[in-house]
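Just add 2 to the spot in the sequence shown (first one is 1) and you have our numbering. Beta carbons are placed, not taken as given, at the ideal position from N, Cα and C, and that holds for glycine. For clarity, every value in this text was computed on a predicted model and none was experimentally measured.
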Amino acid sequence: MARGDFKTDVTCGLENLPVFVDTGGASGGDGWRKFKYSPENVSGPGAALDPSEITFPGCDCLSSSCQLDSCLCLQRHGSAYTDDLRLTSSATRQEAGFSKPLFECNIMCKCGDSCKNRVVQRGLAYRFEVFETELKGCGLRTLELIPQGSFVCEYAGEVLSSAEAHGDYGVRVLAI
3 MARGDFKTDV
13 TCGLENLPVF
23 VDTGGASGGD
33 GWRKFKYSPE
43 NVSGPGAALD
53 PSEITFPGCD
63 CLSSSCQLDS
73 CLCLQRHGSA
83 YTDDLRLTSS
93 ATRQEAGFSK
103 PLFECNIMCK
113 CGDSCKNRVV
123 QRGLAYRFEV
133 FETELKGCGL
143 RTLELIPQGS
153 FVCEYAGEVL
163 SSAEAHGDYG
173 VRVLAI
C-alpha cells in the first residue's frame with residue numbers, strides 16, 4: 003500500500019469512497035491543490051454541455067434490474083457486463099482499432115439504481131490515491147488489486163471549447 007495522507011480526501015466526500023493524497027511527492031505533495039474535484043463533467047468557458055445530446059431514450063423496465071428480453075437499452079446496445087459486473091468479452095472487442103462505446107441504462111430509464119446495466123453510475127468501487135510524479139504532475143494509483151474487466155473509474159472533468167483548449171489555465175477540474 004502507498005503511503006498516503008489518510009486525512010485529505012480530494013473528493014471532499016463527493017464519491018462513495020475517499021481518494022487520499024500521497025504527500026511524499028516531488029513538491030511536498032501540494033500539486034493536487036491546484037485542482038478542484040468534480041465527479042462529473044463541468045462546462046468550461048465557451049463550452050456547451052447538454053446531457054440530452056448524448057443520452058439515449060430510456061427503458062420502461064420496472065424491475066430492479068433489466069433483462070435482455072424486456073429492456074430496450076439492452077436490446078438496442080447489448081449487455082456490456084457479466085452478472086459479477088465485469089465487462090463481457092464482446093464489450094472489450096475492438097473495431098477498427100478502437101473499443102466500442104458502452105451504453106448503460108440512464109437517468110431517463112425507469113429501472114432502479116441496482117440495475118446491472120448501471121455500473122459506471124455507482125461510482126468508485128476501489129480505493130485510489132493521488133500522487134505527484136517528478137516530471138508529469140499528478141497521477142492516480144490504486145491501493146488494491148483490481149480484477150480484470152472491472153470498472154475502475156469514470157474520467158470526467160472540464161469540457162473546454164476549442165479556443166479554451168489551446169490557452170493557459172490557473173485552476174483545473176480534477177475528476178476520476
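Bridge partners of residue 140 according to DSSP: 134. Nearest Cα to residue 19 within the set 149, 128, 132, 143: 128. At the C-beta level, residue 70 and residue 62 stay beyond 9 angstroms of one another. Taken atom to atom, the span from the alpha-carbon of residue 144 to that of residue 155 is near 11 angstroms. Per DSSP, residue 162 lies in no alpha helix (DSSP H) segment and is marked neither H nor E. The Cβ-Cβ distance between residue 119 and residue 68 falls below 9 angstroms. Residue 78 has its alpha-carbon roughly 24 angstroms from the corresponding atom of residue 125.
In chain order, 20 place their CB closer than 6 angstroms to the CB of residue 11, counting only its own chain and leaving out the 5 sequence neighbours on each side. When rounded, the separation of the alpha-carbon atoms in residue 121 and residue 40 is 19 angstroms.
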